[in-house]
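Asks: Residues in the sequence shown are numbered from 2 upward in steps of one, following the working numbering.
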Amino acid sequence: MTRSGSSTNDTGDYEQQSIAIDEMMSYAYSIENAVQSLQARGCSENEISFWHDSDGNGTEDGSDNYFNANSPSDRSCHIFQPEGAGLTWLDPPVGIADYPDYVIKLADVTNVGTSNNGKPGKDIVLTLIQMNETVCRSINRKFNIPEVGGTVPEDNGDIVDGSFPGYYTGSFSGATNGIDGLANNCTGGQGPNREYCGETTACLKEETNNEYFIFYHVLIAR
Numbered sequence: 002m003t004r005s006g007s008s009t010n011d012t013g014d015y016e017q018q019s020i021a022i023d024e025m026m027s028y029a030y031s032i033e034n035a036v037q038s039l040q041a042r043g044c045s046e047n048e049i050s051f052w053h054d055s056d057g058n059g060t061e062d063g064s065d066n067y068f069n070a071n072s073p074s075d076r077s078c079h080i081f082q083p084e085g086a087g088l089t090w091l092d093p094p095v096g097i098a099d100y101p102d103y104v105i106k107l108a109d110v111t112n113v114g115t116s117n118n119g120k121p122g123k124d125i126v127l128t129l130i131q132m133n134e135t136v137c138r139s140i141n142r143k144f145n146i147p148e149v150g151g152t153v154p155e156d157n158g159d160i161v162d163g164s165f166p167g168y169y170t171g172s173f174s175g176a177t178n179g180i181d182g183l184a185n186n187c188t189g190g191q192g193p194n195r196e197y198c199g200e201t202t203a204c205l206k207e208e209t210n211n212e213y214f215i216f217y218h219v220l221i222a223r
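1) Would you tell me roughly how many angstroms separate the C-alpha atoms of glutamine 18 and asparagine 66, rounded to the nearest one?
2) Let me know the secondary structure DSSP gives glycine 163 once reduced to three states.
3) Identify every run of the beta strand (DSSP E) within the segment 102 to 144, keeping only runs that are complete inside it and at least 3 residues long; order them along the chain.
4) Nearest-angstrom Cα distance between glutamate 46 and aspartate 92?
5) Among the candidates Tyr103, Asn69, Asn34 and Phe214, whose CA atom is the shortest distance from the CA of phenylalanine 173?
6) What are the partner residues of cysteine 204, as DSSP defines its beta bridges?
7) If I'm right that aspartate 124 touches isoleucine 32 with Cβ under 8 Å, what's the distance once you round it to whole angstroms?
8) Using only the alpha-carbon positions, how far apart do glutamate 207 and glycine 167 sit?
9) Tell me, to the nearest whole angstrom, how far the beta carbon of asparagine 112 is from that of cysteine 198; I am working on the premise that it is less than 8 Å.
10) Assign isoleucine 180 to one of three DSSP states: helix, strand, or coil.
11) With H, G and I counted as helix, E and B as strand and the rest as coil, what does DSSP make of threonine 3?
12) Under a Cβ-count criterion, where at least 16 other Cβ atoms within 10 Å of its own Cβ denotes burial, should serine 50 be classed as buried or exposed?
13) Inspect the beta-carbon positions of glutamine 131 and aspartate 102 and report whether they are closer than 7 Å.
14) Of the residues Gly171, Thr135, His218 and Asn58, which one's Cα is nearest the Cα of leucine 129?
15) Sorted by chain position, which residues of the same chain lie with C-beta nearer than 8 Å to threonine 201's C-beta, five sequence neighbours on each side aside?
16) Report the residue ranges of all beta strand (DSSP E) runs contained in full by the segment 17 to 59; include only those spanning at least 3 residues, in chain order.
17) Below 8 Å on the Cβ atoms is my contact criterion, and I expect isoleucine 22 with serine 139 to pass it. Report the Cβ-Cβ distance as a whole number of Å.
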């Protein structure tokens with residue numbers, strides 16, 4: 002028995018996607034663990050810094066995406082500096098998204114952390130937008146997020162609009178959009194149109210505007 006070329010290619014694509022998803026999740030978990038480690042050392046949520054030299058000028062200042070004026074000057078609360086957690090800022094795996102960079106920002110993931118329906122807390126999340134739809138669906142299968150109508154469930158609102166990309170810089174002020182499914186109502190837990198309620202990791206489709214496929218993983222649940 003022989004396999005057709007298309008079948009072989011499909012298998013290869015699936016394997017590459019699985020490797021890429023595992024790589025992305027490993028990175029997401031490493032950042033989450035680093036945050037917890039720095040908090041255990043005494044860093045507050047407001048002091049946690051995701052700064053890296055995003056503009057490449059060798060200086061930590063307000064021109065960088067994640068500059069956090071609340072963070073100690075000795076960089077002891079920096080995720081991506083050796084004085085802190087010592088992680089390295091990485092690009093996303095090739096081929097899984099059109100957007101070239103992760104974005105760490107605020108989002109209201111309803112029923113995660115101390116949030117209550119209608120009054121969500123502002124969580125810190127790692128996101129990747131403009132995801133490949135096939136990869137997005139694979140992520141949801143991995144985390145048991147049910148499909149709706151055979152495709153990625155939509156979420157009411159847009160977590161990357163307004164001050165997009167909305168980098169986290171130590172403040173929880175300002176408006177953010179919720180992640181709670183198309184129904185925009187998490188009463189009763191999961192169910193039709195409430196696919197993201199209480200989910201710390203998933204890939205969603207925006208309901209409006211660009212209708213991007215967006216991966217998110219909660220780094221700090223509040």
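Where is the CB? At the ideal position from N, CA and C, for every residue including glycine.
Replies: In short:
1) The count along the sequence shown starts at 1 and reaches residue 18 at position 17. The count along the sequence shown starts at 1 and reaches residue 66 at position 65. If you take the alpha carbons of glutamine 18 and asparagine 66, they lie about 29 Å apart.
2) As a first step, residue 163 must be located in the sequence shown, where it is residue number 162. A caution first: glycine 163 carries a pLDDT of 45, below 50, which makes its placement in the model unreliable, though a value can still be read off. Coil.
3) 104 to 110 and 124 to 129
4) Here residue 46 refers to the residue found at position 45 when the sequence shown is read from its first residue. Here residue 92 refers to the residue found at position 91 when the sequence shown is read from its first residue. Their backbone Cα atoms lie some 24 Å apart in a straight line.
5) Here residue 173 is taken as the residue at index 172 of the sequence shown, counted from 1. When each option's Cα is compared against that of phenylalanine 173, the closest is Asn69.
6) Residue numbering aside, residue 204 sits at position 203 when the sequence shown is read from its first letter. Bridge partners of cysteine 204: Phe216.
7) Taking the sequence shown and counting its residues from 1, one reaches residue 124 at position 123. Taking the sequence shown and counting its residues from 1, one reaches residue 32 at position 31. Between isoleucine 32 and aspartate 124 the Cβ distance is about 14 Å, and since that is not below 8 Å, they are no contact.
8) To locate residue 207, count along the sequence shown from 1; it is residue 206. To locate residue 167, count along the sequence shown from 1; it is residue 166. The alpha-carbon atoms of glutamate 207 and glycine 167 are separated by roughly 16 Å.
9) Residue 112 sits at position 111 when you count from the first residue of the sequence shown. Residue 198 sits at position 197 when you count from the first residue of the sequence shown. About 5 Å; that satisfies the 8 Å criterion.
10) For the purposes of this step, residue 180 is taken as the residue at position 179 of the sequence shown. It is a strand residue.
11) In the sequence shown, counting from the first residue as 1, residue 3 sits at position 2. Bear in mind that the predicted position of threonine 3 carries a pLDDT of just 36, short of 50, making it unreliable; the figure below should be weighed with that in mind. Threonine 3: coil per DSSP, three-state reduction.
12) For the purposes of this step, residue 50 is taken as the residue at position 49 of the sequence shown. Under this definition serine 50 is a buried residue.
13) One-based indexing of the sequence shown puts residue 131 at position 130. One-based indexing of the sequence shown puts residue 102 at position 101. In this structure, aspartate 102 does not lie closer than 7 Å to glutamine 131 by Cβ.
14) Counting from 1 along the sequence shown, the entry for residue 129 is found at position 128. Measuring from the Cα of leucine 129, the nearest candidate turns out to be His218.
15) Mapped onto the sequence shown, residue 201 falls at position 200. Within the same chain, threonine 201 has close Cβ partners Val110, Val113, His218, Val219 and Ala222.
16) none
17) Taking the first residue of the sequence shown as 1, we reach residue 22 at position 21. Taking the first residue of the sequence shown as 1, we reach residue 139 at position 138. 6 Å between Cβ atoms; contact.
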